[in-house]
Amino acid sequence: MKIKDHFLTQEIFEIKETETKGIYRTSPVPENLDKYYDSSDYISHHQDSGSLKEKLYKFLQGFNLKYKKNILTKELTAKDKVLDYGCGAGEFLKFIENDFQTYGFEPNESARNYASQKLSKTIILSNLDLIENESLDAITLWHVFEHIDNQNDILQIFHNKLKTNGLLIIAVPNPTSFDAQHYKEFWAAYDVPRHIYHFTKAGMEKLMNTDKWKIKKIKPLLLDSFYISMLSEKYKKSSLFWIKGLVFGTISNFKASKNNEYSSLIYVIEKK
202 MKIKDHFLTQ EIFEIKETET KGIYRTSPVP ENLDKYYDSS DYISHHQDSG
252 SLKEKLYKFL QGFNLKYKKN ILTKELTAKD KVLDYGCGAG EFLKFIENDF
302 QTYGFEPNES ARNYASQKLS KTIILSNLDL IENESLDAIT LWHVFEHIDN
352 QNDILQIFHN KLKTNGLLII AVPNPTSFDA QHYKEFWAAY DVPRHIYHFT
402 KAGMEKLMNT DKWKIKKIKP LLLDSFYISM LSEKYKKSSL FWIKGLVFGT
452 ISNFKASKNN EYSSLIYVIE KK
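Now the structure itself:
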């Protein structure tokens with residue numbers, strides 16, 4: 202499938218299935234990938250404008266943060282060690298740092314500095330070598346794994362850093378969801394070339410159910426269908442894109458309630 206970078210450059214990329222059935226890769230992956238993130242809109246949530254749009258975003262973000270935190274609290278005990286990999290501006294860490302011993306890894310310097318100013322108890326890192334092997338109880342990646350090119354290398358690092366039975370929690374978009382099938386090349390969660398990999402549920406199960414890992418449970422991110430549908434409608438230049446996005450987001454979640462193919466899925470994975 203050929204996909205346009207609707208967000209920034211309007212360049213055309215192709216999505217091709219890898220050797221692992223159900224996992225797709227963007228082609229080509231630009232050498233200067235950093236420039237494809239070079240937009241204030243990509244980090245707009247760092248700013249507090251006070252607008253109605255910003256207030257709505259913060260309200261929905263709060264719902265998502267509680268939902269994500271609840272996943273951790275059901276699996277971990279107080280003061281367990283949690284690393285948020287690709288922590289961005291540190292919103293999730295700010296929400297959980299009073300409940301766990303928290304660490305954040307963020308390669309982007311400006312986002313890392315912003316997170317450091319916001320967080321009082323979390324240790325922000327630019328190098329995972331600073332974390333001892335077999336010391337972490339959980340590692341979270343909230344819509345980060347799809348941006349990583351060297352999957353196997355990073356999974357081995359995560360395996361080294363986690364305790365036995367430690368948890369790897371990965372949230373990624375699902376290209377077999379109803380909204381993905383409906384919007385096709387306009388589906389905003391393809392987000393090429395920033396999203397290097399694209400994971401179906403079957404693909405993630407093949408990748409993660411191994412001699413080193415085991416998927417414990419799969420949970421939905423319910424609000425993603427609405428956000429992705431609205432953004433997809435914008436890319437289609439639809440009038441009243443937000444209404445159409447709400448309608449198709451609702452349809453997507455309803456259909457997913459029958460087949461579990463939600464717009465985004467959270468994989469709770471245990472280290473063997």
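Residue numbering for the sequence shown follows this note's numbering, starting at 202 and increasing by one per position.
Built from N, CA and C at the ideal position, the CB exists for glycine as well.
By the Cβ rule, the stretch 429 to 440 does not count as touching the stretch 274 to 290, because fewer than three pairs are nearer than 8 Å. Annotated three-state conformation of residue 404 is helix, per DSSP.
Counting along the chain, residue 448 sits inside the alpha helix (DSSP H) bounded by residues 442 to 460. Judged by DSSP secondary structure, residue 317 falls outside any beta strand (DSSP E) and instead within the alpha helix (DSSP H) spanning 310 to 319.
Closest option to residue 285, judged by alpha-carbon separation, among 270, 269, 305, 297: 305. Secondary structure at residue 204: strand, using DSSP grouped into helix, strand and coil. About 7 Å separates the CB atoms of residue 336 and residue 362; that is less than 8 Å, so the two are in contact. Looking at the DSSP output, residue 343 shares a beta bridge with 372.
A contact is defined here as three or more CB-CB pairs under 8 Å, and the stretch 367 to 378 meets this definition with respect to the stretch 331 to 350.
DSSP places residue 465 in the strand class (E or B) of the three-state scheme.
A residue is called buried once 16 or more other Cβ atoms fall within 10 Å of its Cβ, and residue 378 is buried on that count. The distance from the Cβ of residue 468 to that of residue 224 is about 13 Å, inconsistent with a contact at the 8 Å cut-off. Per DSSP, the unbroken beta strand (DSSP E) holding residue 228 starts and ends at 224 to 228. Looking at the DSSP output, residue 306 shares a beta bridge with 286, 326. With at least 16 other beta carbons inside 10 angstroms of its own, residue 391 counts as buried. The C-beta of residue 203 has fewer than 16 other C-beta atoms within 10 Å across all chains shown, which makes the residue exposed. A residue is called buried once 16 or more other Cβ atoms fall within 10 Å of its Cβ, and residue 217, having fewer, is exposed. Spatial neighbours of residue 452 in its own chain (CB-CB distance under 7 Å, excluding positions within 5 residues in sequence) are listed in chain order as 379. Under the three-state reduction of DSSP output, residue 397 falls in the coil class, being neither helix nor strand. Judged by DSSP secondary structure, residue 349 falls outside any alpha helix (DSSP H); it is assigned neither H nor E.
Cβ contact annotation for residue 396 (same chain, cutoff 8 Å, sequence separation greater than five): 227, 347, 348, 374, 390, in chain order.
The bridge partners DSSP lists for residue 363 are 337.
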